[in-house]
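With UniProt numbering applied, the sequence shown corresponds to residues 1 to 196, in that order. Encoded as structure tokens, the structure appears first; notes follow it.
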Amino acid sequence: MEVVGGLDRDLAAKMAEKYSPVREREAQEWIESVLERSFPESTPFQTALKDGTILCEVINKVSAGAQIKINQSKMPFKQMENINAFLQASEKMGVNRHELFQTVDLFEAKNMAQVIDSIYALSRCAEKQGYQGQRIGPKLAEKKTYNFSVEKLAEAKNVIPALTAFNSGATLSGTPAFGSRREIGGVDIGKTGGVQ
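Spelled out as structure tokens, the structure:
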């Protein structure tokens, strides 16, 4: 990737900071555990995923409803179709759109940190959908709702005024007006700038 100017250089540096080899290794191990086989020998992570076939196999395993037809073609547009099919199936599984990567992020290795984040998000959503294998990253939070009775709500309204009675709010009373002299330790230093 050729960097053109200052802004591009800054953006490339920022993306490079987000990339973590440890997270990449965890994502690769998760994929290998799902597929029950190792990545091709001495093949870099991005190269192994670039054609989209491994990603499509993963989504077919972790999602009961997704059965993506995998293109085995070496043609770039067919490989990008595989990646796009993976992204669409991931979104249907519940991965938020902002957690997904763009096709070029993987295909051209533009933002591998985002690719790894997407794999982590897929792992969380797969577990929520019933996948029994291991998960990487934190568990997906579940929404909890609380229903309070009318009596509890009325009781809470009465608590707030009682708490505010201890302090009637922050004020600026006791602070000098803007531009006035300050006295530190009872000594006036405002006239000549020194202690008198």
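We put the beta carbon where it would ideally sit given N, CA and C, even for glycine. In this text, all values refer to a predicted model and were calculated from it rather than measured experimentally.
Contacts around residue i, its chain only, beta-carbon distance under 7 Å, and the 5 residues preceding and following it disregarded
| i | result |
| --- | --- |
| E99 | D117, S118 and A121 |
| I83 | G52, L55, T103, L106 and F107 |
| R97 | E91 |
| A13 | none |
Closest residue to residue i among the options (Cα-Cα distance)
| i | options | result |
| --- | --- | --- |
| G52 | S123, K78, R23 and V159 | K78 |
| K139 | G65, T103, R124 and A27 | R124 |
| G94 | E127, M112, A12 and I31 | E127 |
| N60 | S42, A154, K92 and S20 | K92 |
| Q67 | L7, K143, F86 and S149 | F86 |
| V115 | D10, L11, L7 and M15 | M15 |
| R25 | T145, G137, A156 and Y146 | G137 |
| residue 201 | E36, E151 and Q88 | Any property of residue 201 remains undetermined from this structure, which presents the chain solely from 1 to 196. |
Under the three-state DSSP convention, the category residue i falls into
| i | result |
| --- | --- |
| Q28 | helix |
| Q79 | helix |
| V95 | coil |
| L140 | coil |
| F45 | helix |
| G6 | helix |
| N147 | coil |
| Q134 | coil |
| S33 | helix |
| K69 | coil |
| K18 | helix |
| K128 | helix |
| L122 | helix |
| L55 | helix |
Presumed contact (8 Å Cβ cut-off) between residue i and residue j, rounded CB distance
| i | j | result |
| --- | --- | --- |
| S63 | Q129 | 7 Å |
| K18 | A109 | Not a contact, Cβ separation roughly 14 Å. |
| F39 | A48 | 5 Å |
| V34 | V58 | 5 Å |
Close Cβ partners of residue i (< 8 Å) along its chain, the five nearest in sequence each way excluded
| i | result |
| --- | --- |
| K74 | D51 |
| E81 | G52 and N71 |
| Q46 | L106, A109, M112 and V115 |
| residue 241 | It is not possible to answer for residue 241, since the shown part of the chain is limited to 1 through 196. |
Contacts around residue i, its chain only, beta-carbon distance under 6 Å, and the 5 residues preceding and following it disregarded
| i | result |
| --- | --- |
| I31 | V58 |
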